[in-house]
Amino acid sequence: MRCDDAPRTSAWPRCVSAVVRASPWSSAGTENTRGWSRRMRHVLEVAQFDRRWIETELIPETQRMERAALVGTGEPLRGRKLAILLYQESLLTASSFAEAMESLGGRVRELRPSTLSPQAREQSVEDTVRILNAWHFDGLVIRAEQAGGAARAARVAAMPVFNAGEPEGEHPTQALLDLVTIVERRGPPDGLRVTLVGDTSFWRWPAMRSFVKLLALRYRGVRFHFVSPAVLKVTENIERAIGSDALQFDVGLDLRKVAADTDVLYFVAGQFSHFALQHLYGPTEGERCFTLTADVLAALPEDAVILHPLPAGPELPEEYLADPRVAVFRQAENGLYVRMALLRMFVDERPRSGRAEVG
Amino acid sequence: MRCDDAPRTSAWPRCVSAVVRASPWSSAGTENTRGWSRRMRHVLEVAQFDRRWIETELIPETQRMERAALVGTGEPLRGRKLAILLYQESLLTASSFAEAMESLGGRVRELRPSTLSPQAREQSVEDTVRILNAWHFDGLVIRAEQAGGAARAARVAAMPVFNAGEPEGEHPTQALLDLVTIVERRGPPDGLRVTLVGDTSFWRWPAMRSFVKLLALRYRGVRFHFVSPAVLKVTENIERAIGSDALQFDVGLDLRKVAADTDVLYFVAGQFSHFALQHLYGPTEGERCFTLTADVLAALPEDAVILHPLPAGPELPEEYLADPRVAVFRQAENGLYVRMALLRMFVDERPRSGRAEVG
Amino acid sequence: MRCDDAPRTSAWPRCVSAVVRASPWSSAGTENTRGWSRRMRHVLEVAQFDRRWIETELIPETQRMERAALVGTGEPLRGRKLAILLYQESLLTASSFAEAMESLGGRVRELRPSTLSPQAREQSVEDTVRILNAWHFDGLVIRAEQAGGAARAARVAAMPVFNAGEPEGEHPTQALLDLVTIVERRGPPDGLRVTLVGDTSFWRWPAMRSFVKLLALRYRGVRFHFVSPAVLKVTENIERAIGSDALQFDVGLDLRKVAADTDVLYFVAGQFSHFALQHLYGPTEGERCFTLTADVLAALPEDAVILHPLPAGPELPEEYLADPRVAVFRQAENGLYVRMALLRMFVDERPRSGRAEVG
Chain A
0 MRCDDAPRTS
10 AWPRCVSAVV
20 RASPWSSAGT
30 ENTRGWSRRM
40 RHVLEVAQFD
50 RRWIETELIP
60 ETQRMERAAL
70 VGTGEPLRGR
80 KLAILLYQES
90 LLTASSFAEA
100 MESLGGRVRE
110 LRPSTLSPQA
120 REQSVEDTVR
130 ILNAWHFDGL
140 VIRAEQAGGA
150 ARAARVAAMP
160 VFNAGEPEGE
170 HPTQALLDLV
180 TIVERRGPPD
190 GLRVTLVGDT
200 SFWRWPAMRS
210 FVKLLALRYR
220 GVRFHFVSPA
230 VLKVTENIER
240 AIGSDALQFD
250 VGLDLRKVAA
260 DTDVLYFVAG
270 QFSHFALQHL
280 YGPTEGERCF
290 TLTADVLAAL
300 PEDAVILHPL
310 PAGPELPEEY
320 LADPRVAVFR
330 QAENGLYVRM
340 ALLRMFVDER
350 PRSGRAEVG
Chain B
0 MRCDDAPRTS
10 AWPRCVSAVV
20 RASPWSSAGT
30 ENTRGWSRRM
40 RHVLEVAQFD
50 RRWIETELIP
60 ETQRMERAAL
70 VGTGEPLRGR
80 KLAILLYQES
90 LLTASSFAEA
100 MESLGGRVRE
110 LRPSTLSPQA
120 REQSVEDTVR
130 ILNAWHFDGL
140 VIRAEQAGGA
150 ARAARVAAMP
160 VFNAGEPEGE
170 HPTQALLDLV
180 TIVERRGPPD
190 GLRVTLVGDT
200 SFWRWPAMRS
210 FVKLLALRYR
220 GVRFHFVSPA
230 VLKVTENIER
240 AIGSDALQFD
250 VGLDLRKVAA
260 DTDVLYFVAG
270 QFSHFALQHL
280 YGPTEGERCF
290 TLTADVLAAL
300 PEDAVILHPL
310 PAGPELPEEY
320 LADPRVAVFR
330 QAENGLYVRM
340 ALLRMFVDER
350 PRSGRAEVG
Chain C
0 MRCDDAPRTS
10 AWPRCVSAVV
20 RASPWSSAGT
30 ENTRGWSRRM
40 RHVLEVAQFD
50 RRWIETELIP
60 ETQRMERAAL
70 VGTGEPLRGR
80 KLAILLYQES
90 LLTASSFAEA
100 MESLGGRVRE
110 LRPSTLSPQA
120 REQSVEDTVR
130 ILNAWHFDGL
140 VIRAEQAGGA
150 ARAARVAAMP
160 VFNAGEPEGE
170 HPTQALLDLV
180 TIVERRGPPD
190 GLRVTLVGDT
200 SFWRWPAMRS
210 FVKLLALRYR
220 GVRFHFVSPA
230 VLKVTENIER
240 AIGSDALQFD
250 VGLDLRKVAA
260 DTDVLYFVAG
270 QFSHFALQHL
280 YGPTEGERCF
290 TLTADVLAAL
300 PEDAVILHPL
310 PAGPELPEEY
320 LADPRVAVFR
330 QAENGLYVRM
340 ALLRMFVDER
350 PRSGRAEVG
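Residue numbers (numbering that gives the first Met the number 0), protein chains in the order written: chain A, 0 to 358; chain B, 0 to 358; chain C, 0 to 358.
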């Protein structure tokens with residue numbers, strides 16, 4: 000099976016030291032001045048994660064969850080239930096959250112307003128969340144129709160809310176699993192050179208937005224190349240969107256020119272067919288400039304990491320999936336473990352909703 | 000969390016006295032001349048419920064189920080399986096039945112002919128039920144395409160059938176949860192003044208039809224105001240539809256005129272956007288005459304109960320949800336408990352389908 | 000309940016003798032020169048099943064599963080998870096696989112690329128399977144968009160793949176349940192006369208293709224009548240499609256003419272409404288020539304077996320379902336047991352995926 004391209008015993012990063020467990024629902028603070036312990040009841044955007052939490056909480060818990068998936072989780076979330084509320088369809092994110100919950104022993108209920116009558120779709124996000132409160136759900140994964148939907152849900156939710164990606168907004172759990180995959184291969188990404196290829200117009204793709212933000216805000220000296228057809232190039236307000244004036248980036252039109260200067264090659268997912276842009280990446284232009292080719296692989300450093308949030312199109316040809324630098328299915332696997340870890344940390348630690356109201 | 004608008008320790012009604020458990024599948028009769036114990040294998044329409052059963056069976060079991068939801072159900076339906084057959088989409092009813100079943104330890108299988116090819120949709124309700132019989136399902140929730148579908152299913156079903164609402168037919172479990180919410184706040188609804196607002200044309204909405212029938216047939220001296228735009232006013236055959244010549248009702252065009260004479264204010268669900276009727280309730284007309292406003296709230300008695308089967312539109316503005324008379328999310332919560340109670344009473348009491356055939 | 004048309008204690012066939020259990024994942028071979036034990040990791044097409052395996056493995060395990068469904072399975076697949084990947088919708092096949100898995104204690108995850116954006120649908124079958132590998136699924140049921148899809152999945156799958164039917168391809172589990180239902184009534188089908196009615200154009204319907212192949216390849220002296228309107232008659236390359244020059248068949252236009260010469264009457268499922276062909280079977284023509292009528296029932300031998308993969312249309316009138324020769328709902332019931340048996344044999348016997356990688 001050539002898709003499992005990462006050695007299972009890969010050394011985990013040096014950054015992980017002591018394991019300090021802290022419940023996001025406990026009232027005890029930490030010395031961290033960002034104060035995540037109180038405010039971090041939900042997973043809404045990458046700015047809420049600081050480096051210390053990633054390194055001492057998330058990554059160790061993710062490692063624990065990988066072992067648990069292999070030898071048995073003990074089902075710590077038995078009796079808990081997770082709502083997955085999809086205002087837009089999702090294959091991988093929704094499925095991996097559901098798998099994560101069920102493998103921890105919990106239950107899942109998917110609600111798809113996207114399949115309902117116009118009338119039912121009009122019910123506000125807030126009212127839908129209030130009904131889920133009334134039914135005592137222990138967690139809520141939401142893919143909203145537009146940026147801010149998950150935050151609206153969180154304002155009325157009695158349970159932790161997980162943003163599963165929203166157009167022109169964020170996709171924080173995707174960024175965490177991307178980061179974990181990089182750390183697993185290369186250690187903390189300080190100083191790495193990251194090349195993003197595809198439709199880099201930025202305001203559009205939540206996975207890309209969250210990924211760039213997380214690396215730029217939490218790690219030192221990360222440099223970005225944005226490679227795209229001219230009409231899809233990164234927009235100019237990127238520094239404001241990131242919230243950092245110090246963002247180091249340049250813009251290009253040909254992946255081959257920056258491959259040798261790349262530690263992490265990140266394909267912006269599946270966007271090649273969106274908005275009928277496929278002709279921009281036609282067999283001539285696309286293959287030369289924006290896809291994984293033998294030339295690109297030859298130029299890439301030996302320890303580079305190739306990522307893709309999937310689903311992939313022709314930018315990631317079947318014939319190169321066996322290259323050991325291709326980590327895209329390990330990414331998908333880490334997606335399961337990261338989401339298991341988040342559910343463990345955010346759902347398991349909070350009081351049982353029912354009992355809290357009784358006691 | 001302002002949505003939980005009912006005090007959790009609200010006194011339950013005086014009507015509940017001794018608890019007499021009787022299985023709808025037992026052959027032992029009761030002294031009740033309506034003979035529900037034999038005939039009540041299914042939940043098809045409100046006329047099948049008599050007051051004694053509601054007060055001595057349904058309500059105590061619903062209260063038990065609320066406690067069970069909070070402290071653990073013991074999973075009495077483990078090993079049982081419920082089919083949910085949706086010829087039309089449903090968000091709240093289907094989800095709350097599924098939640099009810101799973102919280103009792105049972106399994107759920109949703110079948111959506113509505114998403115299938117025309118060919119597969121054409122399979123008769125009867126044949127689909129026969130297949131579910133062959134697979135030994137222990138219960139069937141059905142939302143049919145037209146009135147009578149649940150009854151057709153029940154004629155061939157080897158398991159209890161729950162009518163989940165059908166156009167121009169009934170929605171009996173909705174009526175039961177509406178009633179339970181009223182009883183919880185006000186005791187038995189004898190003599191109450193009930194105002195229904197919205198599209199009251201009656202033949203169309205199963206929730207409204209079942210609600211009016213249940214109150215008119217089973218309680219004494221209930222009076223109805225039907226408030227709607229002129230084109231949506233209640234149709235004239237309402238007494239025949241209800242099956243009672245003695246129905247006390249009047250018809251009006253302005254909620255404000257009857258608010259002071261209202262104990263229960265019931266918004267007919269989400270109908271404001273159906274059939275492109277929204278213009279009839281535009282910001283001018285709708286806001287003045289058919290929606291919850293400060294004027295209406297000022298005129299309503301202090302112990303009034305405001306109900307809405309949800310999903311809600313602009314007729315139920317966000318800013319008034321915190322008013323203690325608004326019981327709409329408690330209604331949704333009771334929906335879970337009532338359906339748990341019905342599953343307990345109808346599914347748990349019957350013999351295990353498989354074993355029965357073996358023994 | 001007239002739909003359960005087979006006596007529950009029907010004598011099982013003489014062909015079943017000793018029970019020899021062999022794991023398809025074990026490395027120990029059998030004396031069988033077709034060598035299924037090594038190669039049969041997947042269920043892709045009927046040619047992979049030899050008669051010995053059907054009689055000594057599949058049928059005894061199916062009988063065991065029927066008993067298990069009635070008295071409790073012991074949940075041997077607890078902790079296992081099955082992905083059901085639907086590129087086309089399926090009501091009966093997908094639901095019965097899901098029921099089979101859950102009744103054995105396992106979990107199910109349905110993935111419906113058919114409901115997704117064009118972008119997500121474009122992800123290759125192979126990539127989707129690689130993600131399911133990464134999430135450690137223990138089995139995969141796939142209904143592909145075209146012939147060969149299940150085989151493509153199997154080439155990259157780390158788990159057993161079950162072909163759930165593909166256009167112009169095969170539907171092997173349907174053929175197995177059809178066969179089991181015949182064997183239950185008549186013993187091994189050697190020498191039986193089989194009449195197929197409906198759209199017999201053959202290349203189109205995977206259930207029919209697999210059924211004819213299985214009987215023609217594995218049993219002696221089976222003769223076929225194909226009855227259809229002229230435009231839907233069986234195509235000429237049927238012998239090549241079957242892979243047997245010795246296929247005995249004739250073609251006709253009127254069911255009544257061959258009813259007396261029929262042991263197994265098989266209606267090709269629901270095809271009456273496909274491709275707007277309904278007019279070909281109109282009340283006049285269809286009722287006389289291609290549907291189950293009193294005339295046909297009068298002519299059919301007393302021990303004939305009437306099968307239909309369902310869903311059925313007007314070709315199978317409600318009024319004749321009580322005829323004891325109609326076995327269509329027993330077929331659906333056997334579908335559950337056969338799929339339970341296949342999951343037991345293919346999923347349960349293989350090593351736990353996670354542990355295998357750890358150990």
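In this text, a Cβ means the ideal position worked out from N, Cα and C, and glycines have one as well.
Closest Cα partner of residue i within the set the options
{"i": "glycine 138 of chain B", "options": "B:Gly105, B:Asp126, B:Gln122, B:Glu169", "result": "B:Gly105"}
{"i": "phenylalanine 266 of chain B", "options": "B:His41, B:Leu254, B:Ala259", "result": "B:Leu254"}
{"i": "threonine 292 of chain A", "options": "A:Asp302, A:Pro310, A:Leu264", "result": "A:Leu264"}
{"i": "proline 313 of chain A", "options": "A:Phe289, A:His41, A:Asn333, A:Arg185", "result": "A:Phe289"}
{"i": "alanine 321 of chain A", "options": "A:Asp177, A:Asp49, A:Ile305, A:Pro171", "result": "A:Ile305"}
{"i": "alanine 93 of chain C", "options": "B:Phe161, B:Arg108, B:Gln87", "result": "B:Arg108"}
{"i": "isoleucine 237 of chain B", "options": "B:Leu342, B:Ala215, B:Arg111, B:Ala153", "result": "B:Ala215"}
{"i": "valine 295 of chain A", "options": "A:Ala311, A:Phe136, A:Tyr319", "result": "A:Tyr319"}
{"i": "alanine 99 of chain A", "options": "A:Asp260, A:Ala149, A:Ser113, A:Glu65", "result": "A:Glu65"}
{"i": "leucine 231 of chain B", "options": "B:Ile241, B:Leu252, B:Leu335, B:Leu110", "result": "B:Leu252"}
{"i": "arginine 142 of chain A", "options": "A:Phe136, A:Arg151, A:Trp134", "result": "A:Arg151"}
{"i": "phenylalanine 223 of chain C", "options": "C:Leu315, C:Phe248, C:Ser209, C:Leu43", "result": "C:Phe248"}
{"i": "proline 228 of chain A", "options": "A:Arg217, A:Gly242, A:Val250, A:Leu246", "result": "A:Val250"}
{"i": "alanine 303 of chain A", "options": "A:Phe201, A:Leu341, A:Arg184, A:Val124", "result": "A:Arg184"}
{"i": "alanine 82 of chain B", "options": "B:Ala259, B:Gly73, B:Pro300, B:Val140", "result": "B:Val140"}
{"i": "arginine 196 of chain B", "options": "B:Pro308, B:Lys212, B:Val179", "result": "Reading off the sequence, residue 196 of chain B comes out as valine, not arginine. Comparing Cα positions, the closest option is B:Pro308."}
{"i": "arginine 77 of chain B", "options": "C:Asn333, C:Leu91, C:Leu57, C:Glu101", "result": "C:Glu101"}
{"i": "serine 113 of chain C", "options": "C:His135, C:Asp244, C:Ser89", "result": "C:Ser89"}
Chain A contact residues for residue i, given Cβ-Cβ distances below 7 Å
{"i": "histidine 404 of chain C", "result": "Residue 404 of chain C lies beyond the residue range present for chain C, which begins at 0 and ends at 358; the question has no answer from this structure."}
{"i": "glycine 312 of chain B", "result": "Glu121"}
Beta-carbon separation (whole angstroms), residue i vs residue j, contact threshold 8 Å
{"i": "glutamine 145 of chain A", "j": "glutamate 167 of chain A", "result": "7 Å"}
{"i": "alanine 331 of chain C", "j": "isoleucine 130 of chain B", "result": "5 Å"}
{"i": "leucine 85 of chain A", "j": "threonine 127 of chain A", "result": "Actually they do not touch by this definition, with Cβ atoms about 11 Å apart."}
{"i": "alanine 149 of chain A", "j": "asparagine 162 of chain A", "result": "4 Å"}
{"i": "leucine 103 of chain B", "j": "arginine 343 of chain B", "result": "7 Å"}
Beta-carbon proximity of residue i to residue j, cut-off 7 Å
{"i": "valine 346 of chain A", "j": "arginine 79 of chain A", "result": "yes"}
{"i": "arginine 324 of chain C", "j": "phenylalanine 96 of chain C", "result": "no"}
{"i": "glycine 220 of chain B", "j": "glycine 186 of chain B", "result": "no"}
{"i": "threonine 194 of chain A", "j": "valine 257 of chain A", "result": "yes"}
{"i": "histidine 41 of chain C", "j": "proline 159 of chain C", "result": "yes"}
{"i": "glutamate 125 of chain B", "j": "valine 155 of chain B", "result": "yes"}
{"i": "arginine 217 of chain B", "j": "arginine 111 of chain B", "result": "no"}
{"i": "lysine 212 of chain C", "j": "isoleucine 181 of chain C", "result": "no"}
{"i": "alanine 157 of chain A", "j": "asparagine 132 of chain A", "result": "yes"}
{"i": "threonine 61 of chain A", "j": "valine 226 of chain A", "result": "no"}
Neighbouring residues, chain E, relative to residue i (Cβ below 7 Å)
{"i": "phenylalanine 328 of chain B", "result": "The structure shown contains no chain E; its protein chains are A, B and C."}
Contact list for residue i against chain C, beta-carbon separation under 7 Å
{"i": "arginine 151 of chain B", "result": "The contacting residues do not exist; arginine 151 of chain B stays about 11 Å from chain C at best."}
{"i": "proline 159 of chain B", "result": "Result: empty, since nearest Cβ-Cβ is about 14 Å, beyond 7 Å."}
Contact list for residue i against chain A, beta-carbon separation under 8 Å
{"i": "leucine 309 of chain B", "result": "Gln122, Asp126, Ile130"}
Contacts that residue i makes with chain B (C-beta to C-beta distance below 8 Å)
{"i": "leucine 254 of chain A", "result": "Those within 8 Å of leucine 254 of chain A in chain B number zero; the least Cβ separation is about 41 Å."}
{"i": "leucine 110 of chain A", "result": "Leu90, Ser94"}
* What residues in the segment 89-100 of chain B have a beta carbon less than 9 Å from any beta carbon of chain A? -> So the list reads Ser89, Leu90, Leu91, Ser94, Ser95, Ala97, Glu98, given in the order they occur along the chain.
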